[in-house]
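Below is one structure, written out as structure tokens; the observations come after it.
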Amino acid sequence: MTSDMSDTHYHGEEISADTYSTLRRHQFNLENLEERLQRMENTTVTMKEKWRRGDEAMRDFTDLIISALTSKIEAIQRELVEIQSYIARRPEASLSIDRRNNISTDIHHRTSVDDATNRGRLVPKTT
Numbered sequence: 552m553t554s555d556m557s558d559t560h561y562h563g564e565e566i567s568a569d570t571y572s573t574l575r576r577h578q579f580n581l582e583n584l585e586e587r588l589q590r591m592e593n594t595t596v597t598m599k600e601k602w603r604r605g606d607e608a609m610r611d612f613t614d615l616i617i618s619a620l621t622s623k624i625e626a627i628q629r630e631l632v633e634i635q636s637y638i639a640r641r642p643e644a645s646l647s648i649d650r651r652n653n654i655s656t657d658i659h660h661r662t663s664v665d666d667a668t669n670r671g672r673l674v675p676k677t678t
């Protein structure tokens, strides 16, 4: 819409000053709305970019935590294998361990480390 009053004819007749004023006010409102919509669009783009970067940072942090936990689990598994290997080499322990399932096969015969002699051998536990 042009701001020149001579370009705003309706069927070849000039519009009144009030009508022109109303049109200018509406044009201003439309331009104002267009600017506001553009600012909203710019803000939306900026927010999406921040969220994307935030998502990437969270993904990186999560990957780091998962990697650290995986390393700890692997270290614990290695220690467990060493402990199982140590126990399997001890003749007194092999009677109460099912090597296939790694669980005690005698649930009624409880054992503990011999604290009195501190030899580290398994003895029947007294309760």
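Counting in this note's numbering, the sequence shown runs from 552 upward without gaps. All C-beta atoms, glycine included, are put in the ideal place defined by N, C-alpha and C.
Practice task
May I have the straight-line CA-CA distance separating residue 595 from residue 628, to the nearest angstrom?
Solution key: Counting from 1 along the sequence shown, the entry for residue 595 is found at position 44. Counting from 1 along the sequence shown, the entry for residue 628 is found at position 77. Cα to Cα, the separation comes out at about 48 Å.
Handout entry: Rounded straight-line distance, which links the Cα of residue 636 to that of residue 622
Key = Your numbering for residue 622 matches position 71 in the sequence shown. Your numbering for residue 636 matches position 85 in the sequence shown. Their backbone Cα atoms lie some 21 Å apart in a straight line.
Problem - Assigned secondary structure, residue 629 (DSSP; H/G/I helix, E/B strand, else coil) - result: For the purposes of this step, residue 629 is taken as residue 78 along the sequence shown, with counting starting at 1. Three-state DSSP puts residue 629 in a helix.
Practice task
Kindly indicate which three-state DSSP category residue 641 falls into: helix, strand or coil?
Solution key: Mapped onto the sequence shown, residue 641 falls at position 90. The answer is coil: DSSP assigns residue 641 none of H, G, I, E or B.
Practice task
For residue 634, collect the residues of the same chain with a Cβ closer than 7 Å to its Cβ; drop the 5 residues on either side in sequence, then sort them by chain order.
Solution key: Position 83 of the sequence shown, counted from the first residue, corresponds to residue 634. For residue 634, where only same-chain residues beyond five positions count, there are no Cβ hits under 7 Å.
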